[in-house]
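Residues in the sequence shown are numbered consecutively from 1, following the UniProt record's numbering. Cβ atoms here follow ideal geometry from the backbone N, Cα and C, with glycine treated the same way. Report on the following structure.
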Amino acid sequence: MDCWRDRKMLNVPPKDNKTDPLVLFMPSGKRGRFPIGTPILDAARSLGVYVESVCGGRATCGRCQVSVQEGNFAKHKIVSSNEHISPVGPKEQRYASVRELPDGRRLSCSAQILGDLVIDVPQDTVINAQVVRKAASDRVIERNAAVQMCYVEVDEPDMHKPLGDLDRMKAVLEKDWGWKDLLIAPHLIPQMQGMLRKGNWAVTAAIHRDMDSSRPFIVGLWPGLKNEAYGIACDIGSTTIAMHLVSLLSGRIVASSGTSNPQIRFGEDLMSRVSYVMMNPDGREAMTKAVREAVNGLIGEVCAEGEVDRHDILDMVIVGNPIMHHLFLGIDPTELGQAPFALAVSGALQYWAHEIDIEVNRGARLYMLPCIAGHVGADAAGAALSEGPHRQDKMMLLVDVGTNAEIVLGNRERVVAASSPTGPAFEGAEISSGQRAAPGAIERVRIDPETLEPRFRVIGVDKWSDEEGFAEAAAAVGVTGICGSAIIEVVAEMYLTGIISQDGVVDGGMAARSPRIVPNGRTFSYLLHDGDQRITVTQNDIRAIQLAKAALYAGIKLLMEKQGVDRVDTVRFAGAFGSFIDPKYAMVLGLIPDCDLDEVKAVGNAAGTGALMALLNRDHRREIEETVRKIEKIETALESKFQEHFVNAMAMPNKVDAFPKLAEVVALPERKVLADDGEGGGRRRRRSRE
């Protein structure tokens, strides 16, 4: 443990700030003083300078590279030198031995501050440009919102009938609208008399009633007629936050927006954020503050886009995975990082929005969907509400692919759910050229079965790489790495073209056919792009994808066994990543079991759609609460057959399971056996394929 973390863990008071080294980050211009020994990445995070670190600071991804600007920066009173950072240590040496580290670059997670510094953060390490891919659903939702706007004309006070203004208003609300036993938000009582008189004894009351059995609440009050009321549906993901501003009166989505989750600066994946909380006494508070500020910022954006006053927002519905759920509510997620993965609370929750620092109408209510289990959260509940396996006769498989995949399988008779530890490989981590979905990332890949030459598409460019004008079009964004959808496609294409065996070993013998097969130590790699940034798919990359997809398939297989079925009727890919998976390649790789490809569909941000449904119709809240209580939770870590299914799923598509539906549309290669170094085994004959 480095001295800076020692200082924080032991609660040693920091040095006088005036004597600590001064660090300036460029081009943001943010600056601050930090104790000697502080990792540069930690200093950047504390200032809100976003530097990508896909591996969570383990010095394996190389995405956190920075450089030191040397010289006397008189304007800032800083003399910056490479001597003011720690020497290259074992972690950086190990990284540089595997992947090239450009001259002058350092890994900010390992390099520590020893003196005053000016740090340059290259554009390719900044995460702000991530593409947020969580669109709203266009389905029609029957409206029965928890908020109702009620216009009433109240009798003026009468000296002969000394009944208070509030009592007379409640009486007419009962007479005209049928509201009985009304409560009123306390903050409205001091304002009520002024509003009645300003409206010439006519007011509009916003009544909130979540359940028929609960007492209704007056949560808003306006003089005269008010015919506007809005709600927020928000999906808090570990990577992105998506939000929709909705008219509660018409059901229309007024505006939508999304942003990167700022908690990324504390850790890329969920477990690294739990670790951050465990290692830093103020870690939970910092991450709670960060995500609430992001939600408030998005509310500002959607209100500006929709030309809506944020104080007209009267209801909110939030979904998120269990750790995001806990951190947003200010709950320590430590218990979710260790067995038995206990939730602080699993049921649905209701808050006043202002209680958790959300800047909307002070009377606004906030509803959070229930969590299903320790690693199957309110986002999975939202997706289940959206896609409705519990409403189907067919056996539906619902999968949200992420660092921790959430899986739901069932029909109207029975629903089971589990999570599976896929890791961050599908999001670009653990992949030598992996990155998040941002302009410049390769998102689609095809490999010619004869020449083994690739063609690909890049986010931000409308042309394939072999089309005229691609180079000019790609000049603005570059070709910077491979995002999740392309990782799946390139590995599947390498299998279909015989570059790798069913067991995932790169066939070194194919080097005689194509210069794209290149030696890499004792193994071989596939050269996908040879440009300013050389992008290869290595044997380790393929193994990382195999481990991830095997974990997912093993979890699905366990649920199928619990259901007593050997096939599924329909598959739904949910989430931002799932929206861009090609079903054919997902099945070739063996992410999902065999199924009619026409029955495999991407449903986008199903969790966000579920939040919309719960926002616009309170009956859907009761539906998902009842459904979650009935869902059977399976803990994969406790299932003895998980390891057996995992080993079988390492092969492509699977070592033992048949894929007859897939074979109808794709010519699967004949099996060949290669040693781990890519030697041995005959070449398969080339086959035509679609």
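From residue i to residue j, what distance separates their C-alpha atoms?
i, j, result
"Ala378", "Arg572", "17 Å"
"Met316", "Ile624", "16 Å"
"Arg567", "Leu398", "14 Å"
"Lys91", "Ser110", "7 Å"
"Arg45", "Leu366", "30 Å"
"Met243", "Ile356", "17 Å"
"Ala429", "Leu41", "17 Å"
"Phe524", "Arg31", "44 Å"
"Gly220", "Asn648", "59 Å"
"Lys15", "Ile119", "Residue placement at Lys15 is poorly supported in this model, since its pLDDT is 42, which falls under 50; the coordinates still yield a value, given next. Cα-Cα distance, rounded: 22 Å."
"Arg522", "Pro515", "17 Å"
"Arg168", "Pro262", "48 Å"
"Ile331", "Pro322", "10 Å"
"Arg265", "His326", "18 Å"
"Asn128", "Ser260", "For Asn128, the predicted structure reports a pLDDT of 39, less than 50, and the residue's modelled location is therefore unreliable. A value from the coordinates is still provided. So the alpha carbons of these two residues sit roughly 7 Å apart."
"Val360", "His311", "5 Å"
"Ile634", "Tyr230", "38 Å"
"Glu100", "Ser238", "30 Å"
"Ala74", "Val477", "34 Å"
"Arg252", "Asn617", "13 Å"
"Asp596", "Lys584", "10 Å"
"Met613", "Leu662", "34 Å"
"Ser485", "Met587", "13 Å"
"Gly337", "Val274", "6 Å"
"Leu166", "Asp309", "26 Å"
"Val132", "Gly164", "Unreliable positioning characterises Val132 in this predicted model, as indicated by a pLDDT of 44, which lies under 50. A coordinate reading is not provided."
"Lys134", "Asp282", "Note that Lys134 has pLDDT 49, beneath the 50 cutoff, so the model's placement of it is unreliable and the number below is only indicative. Rounded to the nearest angstrom, the two C-alpha atoms are 31 Å apart."
"Glu664", "Gln112", "57 Å"
"Val656", "Pro421", "22 Å"
"Ala492", "Ser640", "29 Å"
By alpha-carbon positions, which one of the options ends up nearest to residue i?
i, options, result
"Gly434", "Thr480, Met195 and Glu453", "Thr480"
"Val666", "Ala429, Gly29, Thr497 and Lys30", "Thr497"
"Val98", "Met271, Thr334, Ala381 and Ala59", "Ala59"
"His187", "Asp598, Trp352, Thr288 and Arg444", "Trp352"
"Gln643", "Ser213, Leu196 and Leu558", "Leu558"
"Lys180", "Asp165, Ile218 and Arg197", "Ile218"
"Ile442", "Pro454, Glu450 and Pro449", "Pro454"
"Asn411", "Lys394, Ala576 and Asp400", "Lys394"
"Asp541", "Met560, Glu639, Phe577 and Ile482", "Ile482"
Looking only at DSSP bridge pairs, what is residue i linked to?
i, result
"Trp464", "Arg457"
"Ile218", "Ile184 and Ile207"
"Trp352", "Arg365"
"Ser256", "His244"
"Lys601", "Arg572"
"Tyr230", "Ser247 and Ile313"
"Ala471", "Answer is none; Ala471 lacks a bridge partner."
"Ala202", "Glu153"
"Gly434", "Ile482"
Count the other CB atoms within 10 Å of the CB of residue i; is the residue buried (16 or more) or exposed (fewer)?
i, result
"Glu626", "exposed"
"Arg621", "buried"
"Ala342", "exposed"
"residue 692", "For the chain, the structure presents residues 1 to 690; residue 692 sits outside this window and is missing."
"Glu670", "exposed"
"Thr19", "exposed"
"Gln130", "Bear in mind that the predicted position of Gln130 carries a pLDDT of just 46, short of 50, making it unreliable; the figure below should be weighed with that in mind. By the neighbour-count rule (16 or more Cβ atoms within 10 Å), Gln130 is buried."
"Leu547", "buried"
"residue 758", "Nothing can be reported for residue 758, as the shown portion of the chain is limited to 1 through 690."
"Arg391", "exposed"
"Glu52", "buried"
"Phe389", "It should be noted that the sequence gives Pro, not Phe, for residue 389. Pro389 should be labelled buried."
"Ile407", "buried"
Beta carbon of residue i, beta carbon of residue j: below 8 Å?
i, j, result
"Leu545", "Met494", "Contrary to the premise, residue 545 reads as Ile rather than Leu in this sequence. Not closer than 8 Å, so no."
"Ala417", "Ile372", "yes"
"Glu142", "Ala202", "no"
"Ala437", "Ile431", "no"
"Asp103", "Ala146", "no"
"Gln539", "Ala651", "no"
"Ala383", "Gly610", "yes"
"Asp116", "Pro35", "no"
"Ser108", "Cys64", "yes"
Got a sec: does the ligand NAP put a non-hydrogen atom nearer than 7 Å to the Cβ of residue i?
i, result
"Val588", "Here there are no bound small molecules, and the ligand NAP is not part of this structure."
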